[in-house]
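Asker: Per this note's numbering, the first sequence runs over residues 1316 to 1607.
Ideal Cβ placement from N, Cα and C applies to all residues, glycine included.
Since we're looking at a predicted model, the values are computed, not measured.
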Amino acid sequence: MPELPEVQTMVTDLKKAIIGRKITGVWIGAPALIKQPTAKKFKKEIMGRKLLSVGRRGKNILIELDRDFILLIHPKMTGHFLLGRFRIRGRGRNETVVGEINEERNKKDASYIRLIFYLENGEGLGLSDVRKFAKVMLFKKSEAAKFLGGLGIDALEIKYPEFEALIRKNKKPAKPFLMDQSRIAGVGNIYADEILYAAKVHPLQETSRLSRERIKAIFSAMKEILNKAVRLRGTSVSDFRDIAGREGDYAPRCAVYGREGEFCPKGDTRIKRITIAGRSSYFCPVEQKLSR
DNA sequence: ACTAGCCCCTGGGAGC
DNA sequence: TGCTCCCAGGGGCTAG
């Protein structure tokens, strides 16, 4: 599921592929993904816009368009972009996308495309999203604060003093703290588990009594793991693909995520899975002891 | 102001 | 083989 490194991979790809190009058409297969404004108005307003720059804040992709518009895409669980040539098959509600993208394995992926931005040369930028959880918004630059105001500091931007101040104020256990986008933006379920494992902190650890040493360990593990995952172009445990349909290379580096019952990389203890706030959490009960 | 819990959605895997 | 059931999960929303 796209977290900061996967979103950054998409942003890097998009920068190369679409900057300076113009949106010549839009196909909306799942109007419910468009949260702002209405799908009809969205289509009208985005037509003919030029793509000026691509950025990221937490897990949100922000594309700057001409006339001071911002296009925001949050991929949620299964959203990702594919660049290729697409045909629409069927009619009305039964319309589906057939992709002429590079490889056979991506054909299925293309059929999950819910939204296409057509570019000048007939190529399309498709948003593939099996579960239709993705969020797409279009608004004026002047309204950005309204739609991004609730987001905390990006996990790759935050400096240690700010991080320590946030974690000291925090009342949640360590894992929900890392995943709270209103404090620090970008860390999701997979990387939170990996960060806490590397920092030797139990996911249910209350953060109020953590020593400065442990807080520093969490902070540096966060930076190191996210940066490494960015270099490896993300984790593809399920649906994540880059713009060309390729998987990321970080998944084999995961020490604990998705590895219930396997041995901890540092010993002969088996990795446990527990549920925290409705989410699976993987950890090593020996490496990550609760302390108080 | 804050938090816990429900809900959105679909494919894939387990179980029978 | 084929059916049904349950699970995955980020974050928006609501009730408390």
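Would you identify the three-state DSSP class for A1592, choosing helix, strand or coil?
Answerer: Translated into the one-based positions of the first sequence, residue 1592 becomes position 277. Here A1592 sits in coil by DSSP.
Asker: Compare the Cα-Cα distances from Q1603 to each of G1549, V1571, S1595, I1388 and report the closest residue.
Answerer: Within the first sequence, numbered from 1, the residue matching residue 1603 stands at position 288. That would be V1571, whose Cα lies nearest to the Cα of Q1603.
Asker: Hey, T1584 and C1569: beta-carbon distance below 9 Å or not?
Answerer: Locating residue 1584 in the first sequence gives position 269, counting from the first residue. Locating residue 1569 in the first sequence gives position 254, counting from the first residue. Contact flag unset, no.
Asker: Just the Cα atoms here: how many angstroms apart are K1350 and R1561?
Answerer: As a first step, residue 1350 is located in the first sequence; it is residue number 35 there, counting from the start. As a first step, residue 1561 is located in the first sequence; it is residue number 246 there, counting from the start. Their Cα atoms are separated by approximately 28 Å.
Asker: Measuring CA to CA, which of V1601, Y1506, L1319, Y1565 is closest to F1578?
Answerer: Within the first sequence, the letter at position 263 stands for residue 1578. The option with the nearest alpha carbon to F1578 is V1601.
Asker: Counting Cβ pairs closer than 8 Å, one from the stretch 1460-1469 and one from the stretch 1523-1542, do we hit at least three?
Answerer: no
Asker: Hey, could you find the ends of the beta strand (DSSP E) N1485 is sitting in?
Answerer: Reading the first sequence from its first residue, position 170 is the one you call residue 1485. Segment: none, N1485 is in no beta strand (DSSP E) and carries neither H nor E.
Asker: Tell me whether V1545 sits in a helix, a strand or coil according to DSSP, three-state version.
Answerer: For this step, residue 1545 is matched to residue 230 along the first sequence. Of the three classes helix, strand and coil, the one that applies to V1545 here is helix, per DSSP.
Asker: Going by the DSSP bridge assignment, what does S1443 pair with across the sheet?
Answerer: By one-based count along the first sequence, residue 1443 stands at place 128. According to DSSP, S1443 bridges with H1395, I1428.
Asker: Does the beta-carbon distance from V1451 to I1388 come in below 9 Å?
Answerer: Taking the first sequence and counting its residues from 1, one reaches residue 1451 at position 136. Taking the first sequence and counting its residues from 1, one reaches residue 1388 at position 73. Yes; because the gap between Cβ atoms is below 9 Å, this pair is in contact.
Asker: What are the boundary residues of the beta strand (DSSP E) that includes K1608?
Answerer: The requested residue 1608 is not part of the displayed model; the chain covers only 1316 to 1607.
Asker: In chain order, which alpha helix (DSSP H) runs of at least 4 residues are fully inside the stretch 1471-1546?
Answerer: 1475-1484, 1489-1494, 1504-1513, 1527-1546
Asker: Could you name the residues of the same chain whose beta carbon sits closer than 8 Å to that of G1501, not counting the 5 residues immediately before and after it, in chain order?
Answerer: Here residue 1501 refers to the residue found at position 186 when the first sequence is read from its first residue. E1318, L1319, V1322, G1373, K1374, D1469, A1470, L1471, L1541.
Asker: Looking at C-alpha atoms only, which residue of P1488, A1449, L1519 is the closest neighbour of K1587?
Answerer: Residue mapping note: residue 1587 aligns to position 272 of the first sequence, counting from 1. Here the closest residue by C-alpha is L1519.
Asker: Using the DSSP secondary-structure output, state which residues sit across from G1414 in a beta bridge.
Answerer: Within the first sequence, numbered from 1, the residue matching residue 1414 stands at position 99. For G1414, which the question treats as bridged, DSSP gives the partners F1401.
Asker: Identify whether V1322 lies in helix, strand or coil by the three-state DSSP scheme.
Answerer: Counting from one through the first sequence, the residue named residue 1322 turns up at place 7. In this structure, V1322 counts as helix in the three-state DSSP scheme.
Asker: List the endpoints of the continuous alpha helix (DSSP H) containing F1462.
Answerer: For the purposes of this step, residue 1462 is taken as the residue at position 147 of the first sequence. Segment 1459-1463, the alpha helix (DSSP H) holding F1462.
Asker: Output needed for I1622: all residues of its chain with C-beta closer than 7 Å, excluding positions within five of it in sequence on either side, in chain order.
Answerer: The structure shown does not extend to residue 1622, since the chain is modelled only from 1316 through 1607, so no value can be given for it.
Asker: Taking C-beta to C-beta, are A1544 and G1563 nearer than 9 Å?
Answerer: In the first sequence, residue 1544 corresponds to position 229, counting from 1. In the first sequence, residue 1563 corresponds to position 248, counting from 1. Going by C-beta atoms, A1544 is nearer than 9 Å to G1563.
Asker: What is the DSSP secondary structure of E1360, counted as helix, strand or coil?
Answerer: Taking the first residue of the first sequence as position 1, residue 1360 is located at position 45. Helix.
Asker: Start and end of the beta strand (DSSP E) containing F1555?
Answerer: As a first step, residue 1555 must be located in the first sequence, where it is residue number 240. It is not in any beta strand (DSSP E) - F1555 carries neither H nor E in the DSSP assignment.
Asker: Around the Cβ of G1439, are there at least 16 other Cβ atoms within 10 angstroms (buried) or fewer (exposed)?
Answerer: Working through the first sequence from its first residue, we reach residue 1439 at position 124. Counting Cβ neighbours within 10 Å, G1439 comes out buried, since at least 16 surround it.
Asker: Taking just the CA atoms, how far does D1381 sit from K1358?
Answerer: To locate residue 1358, count along the first sequence from 1; it is residue 43. To locate residue 1381, count along the first sequence from 1; it is residue 66. Near 15 Å, if we compare the C-alpha coordinates of D1381 and K1358.
Asker: Could you give the C-beta distance for F1384 and K1455, rounded to a whole number, given that I count them as a contact under 8 Å?
Answerer: Here residue 1384 refers to the residue found at position 69 when the first sequence is read from its first residue. Here residue 1455 refers to the residue found at position 140 when the first sequence is read from its first residue. Rounded, the Cβ-Cβ distance is 6 Å, consistent with contact.
Asker: Let me know if N1436 comes out buried or exposed under the rule of 16 or more other beta-carbons within 10 Å of its beta-carbon.
Answerer: In the first sequence, counting from the first residue as 1, residue 1436 sits at position 121. The residue is exposed, with fewer than 16 neighbouring Cβ atoms inside 10 Å.
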